[in-house]
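Heads up, the thing below is written out as structure tokens.
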Amino acid sequence: MREKLIYILIFSFLFISCDFTSADEYYNRAIELDKQGKYNEAIISLDKAIDKKYKFRPALLNRGFYKSKLEKFEEGIKDYNKILEFDNDNTFALFNIGNNYSSLNDSKNAIAYYSKALQTEGALKSFANSDGGAFVLNTNFDLKRFDSDYSMLDCEIYFERGMEYLEIEQFDKAISDFNKSIKADNAKRDCYFLLGKAFIGKKDSINACENFIKSAKLGDKEAREMLKKHCIKKE
Numbered sequence: 053m054r055e056k057l058i059y060i061l062i063f064s065f066l067f068i069s070c071d072f073t074s075a076d077e078y079y080n081r082a083i084e085l086d087k088q089g090k091y092n093e094a095i096i097s098l099d100k101a102i103d104k105k106y107k108f109r110p111a112l113l114n115r116g117f118y119k120s121k122l123e124k125f126e127e128g129i130k131d132y133n134k135i136l137e138f139d140n141d142n143t144f145a146l147f148n149i150g151n152n153y154s155s156l157n158d159s160k161n162a163i164a165y166y167s168k169a170l171q172t173e174g175a176l177k178s179f180a181n182s183d184g185g186a187f188v189l190n191t192n193f194d195l196k197r198f199d200s201d202y203s204m205l206d207c208e209i210y211f212e213r214g215m216e217y218l219e220i221e222q223f224d225k226a227i228s229d230f231n232k233s234i235k236a237d238n239a240k241r242d243c244y245f246l247l248g249k250a251f252i253g254k255k256d257s258i259n260a261c262e263n264f265i266k267s268a269k270l271g272d273k274e275a276r277e278m279l280k281k282h283c284i285k286k287e
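The sequence shown runs 53 to 287 under our numbering.
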């Protein structure tokens, strides 16, 4: 009887210690916590999901994102790099590493990762359509391995990289990236404003004012202030 009781206790302990929750269930639980803004709790749930399924791309991507939301940028970068260990051209991971380096005021590394993201299959080529929006054309990818969940418009990456070029005063490169963003009708108001700043940096007031005017017409109040400062002659 005593021996039987010991077996029951051992079995009960093993049963209790076993975690029958799947990686997907932990992931879905994290999504619900995310909706409530509970990023720390969401990270804990994703920790468990990743323990069960190491190469769990959505979980690693989201955990990196939640850490970044909590301003743990270097920890976020580590998670994105874990994705790159088995998916080295993941557009979102590369783009988000760029974003985190930008938040760390490291423009050099931010530019490097934005540039890598632009070279991936998931950087969808974008063009402006007749309705003023962007449409996608990408003929250079393998449909069998292409994952639309990890793709994004290249114009969005050009915009972010342009801001980093502007930050380090590489004005010609910034101008090139903002123009590519504009061609796809992406963030046009902001692009025109930032183009104005880039041309101010080049001491080209004519092009600067032209772009500030375009930005102001699209409703940018700061562009109007720049027009007053740089473009309206004071008597």
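The C-beta atom is built at its ideal place from N, Cα and C for all residues, glycine as well.
Query, Result
"Within 8 Å, strictly: CB atoms of Tyr165 and Leu146", "yes"
"Residues near Ile220 by beta carbon distance below 7 Å, same chain, minus five either side", "Ser159"
"Chain-order list of residues whose beta-carbon lies under 7 Å from that of Glu277 (same chain, five-residue window excluded)", "none"
"In chain order, each alpha helix (DSSP H) run of at least 4 residues that lies wholly inside the region 195-236", "206-219, 223-235"
"Spatial distance of Leu122 from Gly89 (CA atoms)", "11 Å"
"Simplified DSSP assignment, three categories, for Ser178", "strand"
"Beta-carbon proximity check, Ser267 vs Gly253, cutoff 8 Å", "no"
"Beta carbon of Met215 nearer than 8 Å to that of Ala175", "no"
"DSSP-derived helix/strand/coil call for Thr73", "coil"
"Buried or exposed by the 16-neighbour rule on C-beta atoms within 10 Å, applied to Phe108", "buried"
"Reduced DSSP category for Ile265 - H, G, I as helix; E, B as strand; rest coil", "helix"
"Rounded separation between Asn294 and Asn133 - CA only", "The requested residue 294 does not occur in the structure, where the chain is confined to residues 53 to 287."
"Own chain residues within Cβ distance below 6 Å of Phe223, not counting five before or after", "Ala250, Gly253, Lys254"
"CB-CB length for Lys177 against Asp131, believed under 8 Å", "Contact doesn't hold; Cβ gap of about 28 Å is too wide."
"Contact check, Ile129 vs Asn152, beta carbons under 8 Å", "yes"
"Span separating the alpha-carbon of Asp244 from that of Ile227", "Before going on, a small fix: residue 244 reads as Tyr here, not Asp. Roughly 10 Å separates the two Cα atoms."
"Uninterrupted alpha helix (DSSP H) stretches inside the region 76-106 (no shorter than 4 residues)", "91-104"
"Proximity below 8 Å, CB of Ala75 to CB of Lys105", "yes"
"Residue interval of the alpha helix (DSSP H) (run including Glu277)", "273-282"
"6 Å Cβ shell around Asp86 - same chain, five flanking residues per side excluded", "Ala94"
"Terminal residues of the alpha helix (DSSP H) in which Lys249 lies", "240-253"
"Proximity of Phe144 and Leu112 at Cβ, strictly below 8 Å", "no"
"6 Å CB neighbourhood of Ala82 in its chain, flanking five on each side removed", "Ala94, Ser97, Leu98"
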